[in-house]
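Residue numbers (numbering that gives the first Met the number 0): 0 to 405. The beta carbon of each residue, even a glycine, is placed where N, CA and C say it ideally should be. All values derive from a computational prediction rather than experimental measurement.
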Amino acid sequence: MDEYSDVAGGDVTIPAEVLVVGASASGLSTVEALRRKGYAGRITVLGKELHAPYDRPPLSKQVLSGSWEPDRAVLRTQEILSSWNAEFVQGDSAIALDLLTRTVRAESGRELQADAIVIATGVRARRLPGQPRLNGVHVLRTLDDALRLRTDLLDCSRLVVVGEGVLGSEISATARVMGVDVTITGPQAAPMALQVGPLVSGLLAELHSERGVRLRLGTGVVGLTGENDRVTGVQLGTGEVLPADVVVVAIGAAPATDWLADSGLRLDNGVVCDSRCRAAEGIYAVGDVARWYHEQLGGLMRLENRTNATEQAAAVAGVILGEDRPYVPVPYFWTDQFDAKIQVYGALPADAHVEIVDGDVSARRFVALYRAEGMVTGVLGWNMPKQARQRRQEIVDAFGDLVPVH
Ligand SMILES: Cc1cc2nc3c(=O)[nH]c(=O)nc-3n(C[C@H](O)[C@H](O)[C@H](O)COP(=O)(O)OP(=O)(O)OC[C@H]3O[C@@H](n4cnc5c(N)ncnc54)[C@H](O)[C@@H]3O)c2cc1C
């Protein structure tokens, strides 16, 4: 498939049966949107986890801190799930897809065939390469990960978080609020420097330091040290070892596409799709796993954020039902760290010109506009959600001219 051309066009036959692979935010939102739009055909959802489908943002915040019981993170009540009249097959993983017959084979040997298949398998946490399995070393992607990490944090004297991105910064803040001794480390100079640029990451560095998180940034990690199968520290490129009895590795995630390796679909940092999120005829991808052609930005894009999971699902449901519209969202994510609630719309390039347009940085309540080559590409709100949302329109207005994404 040429990435700039659509997989199919013209007349659309409404599928008699839709199979959704992945029972989380984007998979469930697809089912919900199909029913909301009046789809009356058969729907099957195949998910590898046994838990009732749950949301992930609370895992690094309320569930980790213990302020929420895990049940509160469910995506939909059992009553709502039942009202969709879909068959949920849980605790079984897709292991192969046959494009010709549109059949998914699962680990149990089960075969599920449908007229339309939606790939919603998300991403999986990356681990440090070449590391032996040591007790006390965690990643955070699933509810079970969050509960295991919480248990270890309750009896932890020193936590080191490897990774200064959004997730690593959130985990550091939550653990610190729990009273844990926390050090965060990673190659960037400040927390979330890649995501929000120097000004705001500098403010985050101040906030974390004030609250007692030790920042050991600007240096890479070469490995972990351990004794008797238990982690004892994190070794930095400088040779220094940060002592730890618990380590969280938060160094990003990789699209969960292994099961599609022999399918013939184009896999390149996600399932590559056209502007309608179609990977092949009758095959769609949605949420964290989907890398689709964003028509207005002129390039392939993959987003790992919660709002995209819902918005893209609605778009895919529409395409399945014959709506012929490209998916062209303004990317959006939020993060909560200590008392900072940060909203980010659009793109915040590191070299962007940043202007504070509402509020006051010193009061830690402000909205910043990010401009690249004179055009508004992004908006960031720090404890000013309403004002930030209002400024989002400035990105939409600039869209017509936006530079290509890569
Ligand atoms: C700890 C954490 C905190 C986050 N906080 C925020 C936040 O504050 N703000 C924000 O915007 N975003 C946040 N996110 C990101 C957001 O949660 C994701 O963008 C969202 O969950 C994506 O939904 P998804 O359904 O596409 O993928 P996922 O949520 O990854 O779900 C994919 C599902 O597919 C299943 N699956 C995988 N492979 C198979 C297979 N072969 N067969 C069957 N099933 C399979 C998985 O088990 C999983 O249940 C956070 C993510 C995490 C992990």
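Item: Any non-hydrogen atom of ligand 1 closer than 6 Å to G121 Cβ; Value: yes
Item: T182 vs R213 beta-carbon contact at 7 Å; Value: yes
Item: Ligand 1 heavy atom lying under 6 Å from the CB of D143; Value: no
Item: Length of the line joining the Cα atoms of A188 and G298; Value: 29 Å
Item: Residues near V315 by beta carbon distance below 7 Å, same chain, minus five either side; Value: T29, V117, C276, Y283, V285
Item: Contact test: V20 Cβ vs ligand 1 heavy atom, cutoff 6 Å; Value: yes
Item: Where the beta strand (DSSP E) containing H293 begins and where it ends; Value: 289 to 293
Item: Heavy atom of ligand 1 within 6 Å of N382 beta-carbon; Value: no
Item: CA-to-CA distance, R229 to P328, given in whole angstroms; Value: 45 Å
Item: Span of the alpha helix (DSSP H) around R305; Value: 305 to 319
Item: C-beta contact flag for G377 and V366 at 7 Å; Value: no
Item: Element boundaries [alpha helix (DSSP H), containing G380]; Value: Unbroken run through G380 is the beta strand (DSSP E), 374 to 381; no alpha helix (DSSP H).
Item: C-alpha gap between Y292 and M300, whole angstroms; Value: 6 Å
Item: Ligand 1 heavy atom lying under 6 Å from the CB of N304; Value: yes
Item: Cβ contact check for the stretch 187 to 202 and the stretch 85 to 102: 3 or more pairs under 8 Å; Value: no
Item: The stretch 217 to 236 in contact with the stretch 120 to 137 per 3-pair CB rule at 8 Å; Value: yes
Item: Between the CA atoms of A204 and R210 - distance to the nearest angstrom; Value: 10 Å
Item: Own chain, CB closer than 7 Å to R126, minus 5 neighbours either side, in chain order; Value: V138, V248
Item: Alpha helix (DSSP H) runs contained entirely in the stretch 347 to 376, provided each spans 4 or more residues; Value: none
Item: Coil, strand or helix - T43 by DSSP; Value: strand
Item: Cβ pair count under 8 Å reaching 3, the stretch 306 to 323 against the stretch 334 to 344; Value: no
Item: Buried versus exposed, by CB contacts within 10 Å (16 or more), K385; Value: exposed
Item: Completely contained beta strand (DSSP E) runs for the stretch 197 to 242, where each covers 3 or more residues; Value: 213 to 216, 220 to 226, 229 to 235, 240 to 242
Item: Length of the line joining the Cα atoms of T237 and G217; Value: 10 Å
Item: Three-state secondary structure assigned by DSSP to Q112; Value: strand
Item: Exposure of Q194, with buried meaning 16 or more beta-carbon neighbours within 10 Å; Value: buried
Item: Nearest neighbour of L152, chosen from S168, G164, L166, V176 [CA to CA]; Value: V176
Item: Burial state of E169, where buried means 16 or more other Cβ atoms lie within 10 Å; Value: buried
Item: Pair within 7 Å by beta-carbon distance, A72 and D54; Value: yes
Item: For R140 and L49, the rounded distance between their alpha carbons; Value: 15 Å
Item: Paired residues, beta bridge with D97 - DSSP; Value: T102
Item: Limits of the unbroken alpha helix (DSSP H) element including K385; Value: 384 to 397
Item: Cβ pair V159, V240 closer than 7 Å; Value: no
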